[in-house]
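Residue numbers (our numbering), protein chains in the order written: chain Y, 379 to 618; chain A, 379 to 618; chain W, 925 to 1158; chain H, 925 to 1158.
In this text, a Cβ means the ideal position worked out from N, Cα and C, and glycines have one as well.
Okay, so here's the structure we're looking at.
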Amino acid sequence: MDKTIRTLTDAVSKVTDGATVMIGGFGGSGAPIELIHALIDNGPKNLTVINNNAGNGRIGIAAMIDAGMIAKMICSFPRSSDPRAFTDTYLAGKIELELVPQGTLAERIRAGGAGIPAFYTPTGYGTELAEGKPVAEFDGRQFVQERWLKADFAIVKAHLGDTHGNLTYRKAGRNFNPLMCMAATTTIAQVSQIVEPGDIDPEHVITPGIFVDAVVEVSNPQQEEELIRAGVAYAGGMSA
Amino acid sequence: MDKTIRTLTDAVSKVTDGATVMIGGFGGSGAPIELIHALIDNGPKNLTVINNNAGNGRIGIAAMIDAGMIAKMICSFPRSSDPRAFTDTYLAGKIELELVPQGTLAERIRAGGAGIPAFYTPTGYGTELAEGKPVAEFDGRQFVQERWLKADFAIVKAHLGDTHGNLTYRKAGRNFNPLMCMAATTTIAQVSQIVEPGDIDPEHVITPGIFVDAVVEVSNPQQEEELIRAGVAYAGGMSA
Amino acid sequence: MSGETQTLDTRDDIKLSNTQIAWRAAQDIEDGAYINLGIGFPEMVARYQPPGRQAIFHTENGILDFGEPPAAGEEDWDLINAGKKAVTVKPGAAFFHHADSFAMVRGGHLDVAILGAYQVAENGDLANWRVGSKGVPAVGGAMDLVHGAKQVFVITEHVTKDGKPKLVSKCTFPLTGVGCITRVYTSHAVIDIADGRFVLREKLAAMTIEELQAMTGAQLHVDGAVADLVVPAL
Amino acid sequence: MSGETQTLDTRDDIKLSNTQIAWRAAQDIEDGAYINLGIGFPEMVARYQPPGRQAIFHTENGILDFGEPPAAGEEDWDLINAGKKAVTVKPGAAFFHHADSFAMVRGGHLDVAILGAYQVAENGDLANWRVGSKGVPAVGGAMDLVHGAKQVFVITEHVTKDGKPKLVSKCTFPLTGVGCITRVYTSHAVIDIADGRFVLREKLAAMTIEELQAMTGAQLHVDGAVADLVVPAL
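Shown next, in the form of structure tokens:
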């Protein structure tokens, strides 16, 4: 068994029009910029994208929006230091937004991965984000019913990955990545280094390989924050 | 901030009559034998105990049952290589049993720790273990509603622990321990070695210190399986 | 139907041994499959992985990719499987807690779970955790394992020791799960469960479909070819 | 009530600065407390921990016990806080994923969360995520943070820039959470929320309760002594 894929383009080649795609990262931390750009080159349209944010500047998810690939964003915070891509598209009525509180977003994704179709949370009770959702009382307090989130694909950024798909992460770059690995039919991870099975201590594996389908090496990954500060715009065709 | 407690007896001194106590371990793996025996010496009665099993031989949870400390067991598998303590007490009608499927037990404890009062699971639907529980349909399939489990105390076995309460575990000794740390008002961990903050890499912390209240060092912990094979019975008074 | 079958002899001369049933089930596990084997008889399946295929074994108590038992005296009692037997790990193993372990189970991440059975019904219901209301009930992970794995197989004798059918129209023992079993490997046959029916796929060449039907507590359907159930001497 | 207050001047000469409000809130954080500070103004609270006390700071994106920003040029952009600012970690820090992070939040493990506010109502309702229905809505972790922490504090100006009360009988802006705030530190007072009422605990010595009431959109109750709100020059 070897889950290694040689090129970024091959890694995302199965993502086709209309797919639901979870993309890891919180802002730029743990964001799989190279996989996103390869996806832009492949050019599937009408995607539903799940991420905590909704892109920054002219790269990554923002560049997907600019390329007209995203029909709907499910996120908690569609703002950034340079939110033009989402803001302009949203205000023009050309992208749908499902706004989800951040902890509920994380728990819905985990529920999708864990086979829990619905759960109750105190978060959002009595607010406009809970409108239309079932409410129930437990132990004298009111809770909102939330549903699992699943996806056709998850695109994540990890640190080490072995050929069985076991993954580690770097610092706060962990964030949504391990959850999304669990919740997608097909999970594609870019890693800074591909290692042999056994090179990652079983005690230190954060995402066990059962949750990962493909691993592609990007040895010096870009950081969204640095690209934004440098004013980079993704021009396409750079992933091959 | 230093969460170190010097003696086992002090560590469990706040567990009083009628408390609900989660005890980590799966069989003997990850079972905090020394803390359990200290608890027997302290002698609180009428406890509700949550563990995957219900004791083996004449030590650990079985010795608690023999000592008449447990009014109710919540567990998935009250059998072992030497199940006399639970079997005899249960068949004599002197201990209550709440039998919970193992994955549901784990998820209920995690829910207790995560502030999720109820969730839906496919597990147990249509069986006697789901009788009387609410059922709901999601995406054309039937699911059972299960409630969170919380406890007054969790007693767990870890490997390394720093003075802030950050913990690591050994191999499959992890099992229910990290979940129980989350779900109890007060969590007491025995560790093989107490180390300084920073000695555990932040990437390798399994239970962050926010979930732990007290850490006590037991440098060469006993393994239930070895005690059972040696025919040991806990005689009391050995924890001081 | 149970009236008919009570007169049957189990005919040891023309049935598979447990190791042969385990061997047959093992042939259907693909390379790279993630699999959970129930405690006891199903654990035997691990011994018969076809050459060139490497399945990855999951145990509920928090290990992925565990291997053979260690040599006697080399046991580490923190490294055990769900049956509380000492195991080893292979390169590429991972440890995780119980909630993550059952996320793998319930979340549909296992390719196959293989379990024993007291009874399997034609609608896929399974009874394998207790036979009555006496004694101490214990369920463990059985009720979780029957939900979530992409396929849930049963390996079992075709009939009980006293000749009663284990494949039935409706389970009479307490259920483990509803409509969860997709395939049954017995001492006499390989049977799929589809659309609420037993569909016969393979049977021992030495017996007729009628003979097999007489040992079975519900209608056996034929949908395409019925192959011979052929296993090596083991 | 808002009719009265619109005529009020905010009187810069007798109000606390934001740093002073943050300082005052910081005095109530105990040694060893686990705390989450909302993005922006609440982050200032971290600067004013009293000597000898060490609070442990949580950030939603998966760090416990993070510390000061790194020197310019030393940033690691995988090591950021919820406001996407570069941070460092202290000895004893831990990293974890978002579901575990919000288990800490929702599960009642934080001792204190401190947030900003557009409006706080006397029943503990908070409005702090949007002021209308225009533009792009963004909620982040605000709705989660108001539930679960053992105490949820607000730090805020007592009135808006145009003199309207921020402490009100009922929020008119979209709610972040219902009945979730336990204490409010303002530019003029410290006010507990108990049993659906604002209870005045401290006020600036230079003003009367009546003057404070005139700036407040709901009844201020007195239950025991009202101390002087005293802060250092900062």
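- prompt: Between G452 of chain Y and chain A, is there a C-beta pair that is closer than 7 Å?
  reply: Note on identity: in this sequence residue 452 of chain Y is Ile, with Gly being the wrong assignment. Chain A contact via Cβ: absent.
task: Answer yes or no: do A1006 of chain W and E984 of chain W have a C-beta to C-beta separation smaller than 7 Å?
output: yes
query: T1140 of chain W: which of W:V1083, W:T1132, W:A1130, W:C1095 sits nearest, CA to CA?
result: W:V1083
field: For I439 of chain Y and A611 of chain Y, the rounded distance between their alpha carbons
entry: 11 Å
query: Taking 7 Å as the CB-CB cut-off, is F981 of chain W touching chain A?
result: no
Integer Cβ distance of P975 of chain H from I1038 of chain H, believed to fall under 8 Å: About 20 Å separates the two Cβ atoms, so there is no contact after all.
Residues of the segment 489-504 of chain A whose Cβ lies closer than 8 Å to any Cβ of chain Y, in chain order: Residues of the segment 489-504 of chain A with a Cβ closer than 8 Å to any Cβ of chain Y, in chain order: A489, A492, G493, I494, P495, A496, F497, Y498, T499, P500.
- prompt: Does G576 of chain Y have its Cβ less than 7 Å from a Cβ in chain W?
  reply: yes
- request: Ignore the nearest five residues each way along the sequence and tell me which others in R1107 of chain W's own chain have a CB closer than 6 Å to its CB.
  value: F1077, D1116
message: So, for M1028 of chain W: in the same chain, excluding its five sequence neighbours on each side, which residues have a beta-carbon less than 7 Å away from its beta-carbon?
response: H982, L1034
query: Cα-Cα, which of A:E485, A:M447, A:P586 is closest to G396 of chain A?
result: It is A:M447 whose Cα lies nearest to the Cα of G396 of chain A.
field: Neighbourhood of R1121 of chain W by C-beta distance below 8 Å, restricted to the same chain and skipping five residues each side
entry: Apart from the 5 residues on each side of it in sequence, R1121 of chain W sits with its Cβ closer than 8 Å to the Cβ of E1046, Q1143, H1145 in its chain, given in chain order.
- request: Compare the C-beta of F516 of chain Y against all C-beta atoms of chain A and say whether one is closer than 7 Å.
  value: yes
First through last residue of the alpha helix (DSSP H) which encompasses H1145 of chain H: It is not in any alpha helix (DSSP H) - H1145 of chain H instead sits in the beta strand (DSSP E) that spans 1144-1152.
- request: Sort A:I437, A:S454, A:T382, A:A529 by Cα distance to A1066 of chain W and report the nearest one.
  value: A:S454
field: the segment 1037-1063 of chain W: positions lying closer than 7 Å to chain A by Cβ
entry: V1060, P1061, A1062, V1063
message: Quick check on Y612 of chain Y - is its C-beta less than 7 Å from some C-beta in chain H?
response: With respect to chain H, the C-beta atom of Y612 of chain Y has no partner C-beta closer than 7 Å.
- request: Decide if D401 of chain Y is buried, meaning its Cβ has at least 16 other Cβ atoms within 10 Å, or exposed.
  value: For the record, residue 401 of chain Y in the displayed sequence is Ile; it is not Asp. Buried: at least 16 other Cβ atoms inside 10 Å.
Local Cβ density within 10 Å of F951 of chain H, reported as buried at 16 or more and exposed below that: The identity of residue 951 of chain H in the sequence shown is Gln, whereas the question assumes Phe. Answer is exposed; the Cβ neighbour count stays below 16.
message: I want to see whether chain A comes within less than 7 Å of M1168 of chain W, judged by CB atoms only; does it?
response: Only positions 925 to 1158 of chain W appear in this structure, which leaves residue 1168 of chain W out of reach.
message: Going by the DSSP bridge assignment, what does F531 of chain A pair with across the sheet?
response: A:V399, A:T564
message: By the 9 Å beta-carbon criterion, what residues does the segment 539-557 of chain Y contribute toward chain H?
response: Y547, R548, K549, A550, G551, R552, N553, F554, N555, P556, L557
- prompt: Using the beta-carbon of each residue, which ones in chain B are nearer than 7 Å to E984 of chain H?
  reply: Judged by its chain identifiers, the structure shown contains no chain B, and its protein chains are Y, A, W and H.
- prompt: Taking just the CA atoms, how far does A536 of chain Y sit from Q480 of chain Y?
  reply: 21 Å
- prompt: Buried or exposed: which applies to K886 of chain W, given that a residue is buried once 16 or more other Cβ atoms fall within 10 Å of its Cβ?
  reply: Outside the shown range of chain W, which is 925 to 1158, sits residue 886 of chain W, and nothing can be said about it.
message: Can you find the residues in the same chain that come closer than 8 Å, C-beta to C-beta, to L932 of chain H, ignoring five residues on each side of it along the sequence?
response: Only weak support is given to the placement of L932 of chain H: the predicted model assigns it a pLDDT of 41, under 50, and the value that follows is read from those uncertain coordinates. If we look at L932 of chain H and ignore the five residues flanking it on each side, its Cβ neighbours are V1083, G1087, A1138, M1139.
field: T382 of chain A to A592 of chain A span [Cα, whole Å]
entry: 6 Å
query: Exposed or buried, which one is V1154 of chain H when buried takes at least 16 other CB atoms within 10 Å?
result: Under this definition V1154 of chain H is an exposed residue.
task: Please classify L961 of chain W: is it buried, with 16 or more other beta-carbons within 10 angstroms of its beta-carbon, or exposed?
output: buried
field: P966 of chain W, DSSP secondary structure in three states
entry: helix
query: What did DSSP end up calling F1026 of chain W once you bin it into helix, strand or coil?
result: helix
query: So, is A613 of chain Y buried or exposed, given that buried needs 16 or more other C-beta atoms within 10 angstroms?
result: exposed
- request: Compare the beta carbon distance of C559 of chain Y and V590 of chain Y with 7 Å and say whether it is the shorter of the two.
  value: yes
- prompt: Which chain Y residues are close to F521 of chain A, counting only those with a beta carbon under 7 Å from its beta carbon?
  reply: P495
task: Please list, in chain order, all residues of the same chain as N598 of chain A whose beta carbon is under 7 Å from its beta carbon, the five residues on each side excluded.
output: none
- prompt: Is it right to say R384 of chain Y is buried, meaning 16 or more other beta carbons lie within 10 angstroms of its own, or is it exposed?
  reply: exposed
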